[in-house]
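Participant:
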């Protein structure tokens, strides 16, 4: 039987204290681990349908998944232009996987949606423990480097998958195509037809696309690096 554990762990932002999360564990030793980062904290949290569906689908396919709340869930706003401390929450979640060792040396990935995609990309490009990134509804039409680490992505040679809806008002298909042309391999993209930025009516489809890539990456990769 698949297991759910309510967990807490520290953010790397020491003034934040503990973060709350839900760990999805398969029956057998997981083939990989995935940290799931939710959208804009003032209006979202880890319990949104897409994040839950991604975690459940991964767990059913043998992957341990951790969804967690950023420390700013429910606050009035998050300043995207000033290096948000939420980025350190992502680091704390990665550290937590390391400390638990539930994936027995298997690869570790990041998956995020919208604001969470931005955080996953910013942290993942600089953390050698992160073997690849799935970015969903990434706000590519925002040119600010604080939102998307474009320069770093041009040198990011680990697997990456970008998933968008063809009606996403923050990420046009044209913006996705321009970025995909510039990115180094390995790279993948998926466009959901008749889908907006929020993907609220398509959680299972999004989850299957993300899980297909993550499981395939995990099965074709040696154990992750330390540090």
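Numbering (the numbering used here), first residue to last: 6 to 232. Built from N, CA and C at the ideal position, the CB exists for glycine as well. Because the structure is a prediction, the values reported are computed rather than measured.
Restricting to Cα atoms, I'd like to know which of 119, 129, 92 is closest to residue 112.
Facilitator: Selected option, being the one with the closest Cα: 129.
Participant: Rounded to whole angstroms, how far is the Cβ of residue 194 from the Cβ of residue 145, which I believe are closer than 8 Å?
Facilitator: Between residue 145 and residue 194 the Cβ distance is about 11 Å, and since that is not below 8 Å, they are no contact.
Participant: Just mark residue 215 as buried or exposed, buried being the case when its beta carbon has 16 or more other beta carbons within 10 Å.
Facilitator: Counting Cβ neighbours within 10 Å, residue 215 comes out buried, since at least 16 surround it.
Participant: Could you give the C-beta distance for residue 197 and residue 204, rounded to a whole number, given that I count them as a contact under 8 Å?
Facilitator: About 7 Å separates the two Cβ atoms, so the contact holds.
Participant: Taking the C-alpha atoms as reference points, what is the distance between residue 202 and residue 173?
Facilitator: Their Cα atoms are separated by approximately 4 Å.
Participant: For residue 232, count neighbouring C-beta atoms within 10 Å of its own C-beta (all shown protein chains included) and say buried if the count is 16 or more, exposed if not.
Facilitator: Because residue 232 sits at a pLDDT of 49, beneath the cut-off of 50, its placement in the model cannot be relied upon, and the point is left open.
Participant: Rounded to the nearest angstrom, what separates residue 18 and residue 206 at their Cα positions?
Facilitator: Whole-angstrom Cα-Cα distance: 34 Å.
Participant: Taking the alpha-carbon positions, what's the residue 68 to residue 191 distance?
Facilitator: For residue 68 and residue 191, the distance between alpha carbons rounds to 21 Å.
Participant: I need the DSSP call for residue 10, collapsed to helix, strand or coil.
Facilitator: Correct three-state label for residue 10: strand.
Participant: Work out the CA separation of residue 89 and residue 35 for me, nearest whole Å.
Facilitator: Going from the Cα of residue 35 to the Cα of residue 89 covers about 31 Å.
Participant: Quick one, which of 163, 127, 170 has its alpha-carbon nearest residue 156's?
Facilitator: Checking every option, the nearest Cα to that of residue 156 belongs to 127.
Participant: Would you say residue 211 and residue 114 are within 7 Å of each other, going by their C-beta atoms?
Facilitator: Against a cut-off of 7 Å, the Cβ pair of residue 114 and residue 211 comes out as no contact.
Participant: Apart from the five residues just before and just after residue 87, which ones in its own chain have a Cβ nearer than 6 Å to its Cβ?
Facilitator: Note that residue 87 scores a pLDDT of 47, beneath 50, so its modelled location is shaky; the value from the coordinates is reported in the next line. Within the same chain, residue 87 has no close Cβ partners at all.
Participant: Quick one: which unbroken alpha helix (DSSP H) runs of 4-plus residues sit fully inside the region 164 to 227? Chain order, please.
Facilitator: Listed in chain order, they are 178 to 187, 208 to 224.
Participant: Could you tell me whether the Cβ atoms of residue 28 and residue 12 are closer together than 7 Å?
Facilitator: For residue 28 and residue 12, yes; Cβs fall inside 7 Å.
Participant: Can you check the region 28 to 113 for any alpha helix (DSSP H) of at least 4 residues that lies completely inside it and give the ranges in chain order?
Facilitator: 54 to 65, 91 to 105, all fully within the region 28 to 113.
Participant: Pull up the DSSP beta-bridge partners for residue 141, would you.
Facilitator: Beta-bridge pairing links residue 141 to 118, 168.
Participant: Is it right to say residue 23 is buried, meaning 16 or more other beta carbons lie within 10 angstroms of its own, or is it exposed?
Facilitator: The residue is exposed, with fewer than 16 neighbouring Cβ atoms inside 10 Å.
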